[in-house]
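Asks: Numbering-wise, the first sequence is residues 1 to 225 according to our numbering.
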Amino acid sequence: MLRAFGPQGWWPARTRLEVILGAILVQNTAWQNAALAIRNLKDNGLLSLVKLKRASLDELEFHVKSAGFYRQKARTIRNFVDWLEHSCGGSLNVMFARPAAELRRQLLGIKGLGPETADAILLYAGRHPVFVADAYTRRILARHGLVRDCAGYSEVQGFLHQRLPPDAALFNEFHALLVEVGKRYCKRQVALCEECPLEEFLPKKHERQPLLAGAAAPQPVSEGA
DNA sequence: TGCCAGGCCGGGT
DNA sequence: ACCCGGCATGGC
Numbered sequence: 001m002l003r004a005f006g007p008q009g010w011w012p013a014r015t016r017l018e019v020i021l022g023a024i025l026v027q028n029t030a031w032q033n034a035a036l037a038i039r040n041l042k043d044n045g046l047l048s049l050v051k052l053k054r055a056s057l058d059e060l061e062f063h064v065k066s067a068g069f070y071r072q073k074a075r076t077i078r079n080f081v082d083w084l085e086h087s088c089g090g091s092l093n094v095m096f097a098r099p100a101a102e103l104r105r106q107l108l109g110i111k112g113l114g115p116e117t118a119d120a121i122l123l124y125a126g127r128h129p130v131f132v133a134d135a136y137t138r139r140i141l142a143r144h145g146l147v148r149d150c151a152g153y154s155e156v157q158g159f160l161h162q163r164l165p166p167d168a169a170l171f172n173e174f175h176a177l178l179v180e181v182g183k184r185y186c187k188r189q190v191a192l193c194e195e196c197p198l199e200e201f202l203p204k205k206h207e208r209q210p211l212l213a214g215a216a217a218p219q220p221v222s223e224g225a
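Written out as structure tokens, the structure reads:
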């Protein structure tokens, strides 16, 4: 994928706060629409924790409207800012100084932040080696028979964590490339992705082992595989 | 026109 | 522990 598409330069954000806002705003939404919302916040001087704290909910809703689900996302932003204030004295430095596992639990406690959003924050703003097993990642792995079709977020994330060295830069680039490939070759209603450049690196279909088929336990994998 | 997009929550089995 | 409907805008 890297050879086919080159480095993706993700996450497309300038600051940690932009990563966090983008992670919330992009939930089940095309990035373009989330980027528009970020631009609106920026153009209206709201792209700082102090300003976000002062903004009314109506104001937030108005500016993030282009991202869709704007009432929920405005509340989620508000929930995060409130939590940061109470739990971290309003400091992202304090927040990101916490151990990844603890911080993840706390983020999941914020209404509107689920596993993918929390992990995107941990990886792309905190540089923690946590794989973001988003819809494209799950779809591509399932289409190639690496995980079950119905595999959920944590199952796919576990699959990747078992087989990859815990390297944030690797997770970053790999995930970004999976999304790029997914956008081109692995949409929802396309059953096959014969054009997918991943095919080149995988065993032929008849040679593939059922790595996580059915109720079988995950296979132990050698170190650094 | 209809489908899709880098989810998450709440209520129901 | 799943399953489902609701949430909403913008692009093709």
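Glycine included, C-beta positions come from ideal geometry on N, C-alpha and C.
Count the other CB atoms within 10 Å of the CB of Asn172; is the residue buried (16 or more) or exposed (fewer)?
Replies: The count along the first sequence starts at 1 and reaches residue 172 at position 172. With 16 or more Cβ atoms within 10 Å of its Cβ, Asn172 is classed as buried.
Asks: Would you kindly check if the distance between the Cβ of Leu178 and the Cβ of Ile140 is under 8 Å?
Replies: Within the first sequence, the letter at position 140 stands for residue 140. Within the first sequence, the letter at position 178 stands for residue 178. Contact annotation: Ile140 and Leu178 have beta-carbon atoms nearer than 8 Å.
Asks: Assuming Phe8 and Ala176 form a contact by the criterion Cβ under 8 Å, report the distance between their Cβ atoms to the nearest whole angstrom.
Replies: As a working mapping, residue 8 is identified with position 8 in the first sequence. As a working mapping, residue 176 is identified with position 176 in the first sequence. Correcting the residue type first, residue 8 is Gln in the shown sequence and not Phe. Correct: roughly 4 Å between the Cβ atoms.
Asks: In its own chain, which residues sit with a C-beta less than 6 Å from the C-beta of Ala37, not counting the 5 before and 5 after it?
Replies: Here the question's residue 37 lines up with position 37 in the first sequence. Around Ala37: Leu25, Val64, Ser66 and Ala67.
Asks: Should Gln157 be labelled buried (16 or more other beta-carbon atoms within 10 Å of its own) or exposed?
Replies: Within the first sequence, the letter at position 157 stands for residue 157. Looking at its Cβ environment, which holds 16 or more other Cβ atoms inside 10 Å, Gln157 is buried.
Asks: Pull up the distance between the alpha-carbon of Ala55 and that of Thr15, whole angstroms please.
Replies: Stepping through the first sequence from its first residue, residue 55 is reached at position 55. Stepping through the first sequence from its first residue, residue 15 is reached at position 15. So the alpha carbons of these two residues sit roughly 20 Å apart.
Asks: Assign Arg3 to one of two classes, buried (16 or more other C-beta atoms within 10 Å of its C-beta) or exposed (fewer than that).
Replies: Numbered from its first residue, the first sequence carries residue 3 at position 3. Arg3 comes out exposed.
Asks: Roughly how many angstroms separate the alpha carbons of Glu85 and Lys42, rounded to a whole number?
Replies: The residue labelled residue 85 in the question sits at position 85 within the first sequence. The residue labelled residue 42 in the question sits at position 42 within the first sequence. Cα to Cα, Glu85 sits roughly 21 Å from Lys42.
Asks: For Gly89, count the other beta carbons within 10 Å of its own beta carbon; 16 or more makes it buried, fewer makes it exposed. Which is it?
Replies: Mapped onto the first sequence, residue 89 falls at position 89. Label assigned to Gly89: exposed.
Asks: What did DSSP end up calling Cys186 once you bin it into helix, strand or coil?
Replies: Taking the first sequence and counting its residues from 1, one reaches residue 186 at position 186. Cys186: coil per DSSP, three-state reduction.
Asks: So, helix, strand or coil for Lys53, using DSSP?
Replies: Counting from 1 along the first sequence, the entry for residue 53 is found at position 53. If DSSP states are grouped into helix, strand and coil, Lys53 belongs with the helices.
Asks: Please give the ranges of any alpha helix (DSSP H) in the region 66–106, keeping only runs that are unbroken, at least 4 residues long and fully inside the region.
Replies: 70–88 and 92–96
Asks: Between the alpha carbons of Ala100 and Gln106, how many angstroms are there, rounded?
Replies: Here residue 100 refers to the residue found at position 100 when the first sequence is read from its first residue. Here residue 106 refers to the residue found at position 106 when the first sequence is read from its first residue. Rounded to the nearest angstrom, the two C-alpha atoms are 10 Å apart.
Asks: Looking at the unbroken alpha helix (DSSP H) that takes in Pro165, where does it start and where does it end?
Replies: Walking along the first sequence from the start, residue 165 turns up at place 165. Unbroken run through Pro165: none, as it is neither H nor E.
Asks: Alpha carbon to alpha carbon, how far is Ile121 from Leu92? Give it in angstroms, no decimals.
Replies: Here residue 92 refers to the residue found at position 92 when the first sequence is read from its first residue. Here residue 121 refers to the residue found at position 121 when the first sequence is read from its first residue. Those two C-alpha atoms are separated by around 11 Å.
Asks: Check this for me: beta carbons of Thr76 and Lys111, under 8 Å apart or not?
Replies: By 1-based counting over the first sequence, the position of residue 76 is 76. By 1-based counting over the first sequence, the position of residue 111 is 111. Yes; because the gap between Cβ atoms is below 8 Å, this pair is in contact.
Asks: Looking at C-alpha atoms only, which residue of Gly6, Pro165 and Ile20 is the closest neighbour of Gly126?
Replies: The sequence position of residue 126 within the first sequence is 126, counting from 1. Taking only the C-alpha atoms, the option nearest Gly126 is Ile20.
Asks: How many Å lie between Ala34 and Phe69 at the Cα?
Replies: Here residue 34 refers to the residue found at position 34 when the first sequence is read from its first residue. Here residue 69 refers to the residue found at position 69 when the first sequence is read from its first residue. Going by the C-alpha atoms only, they are around 11 Å apart.
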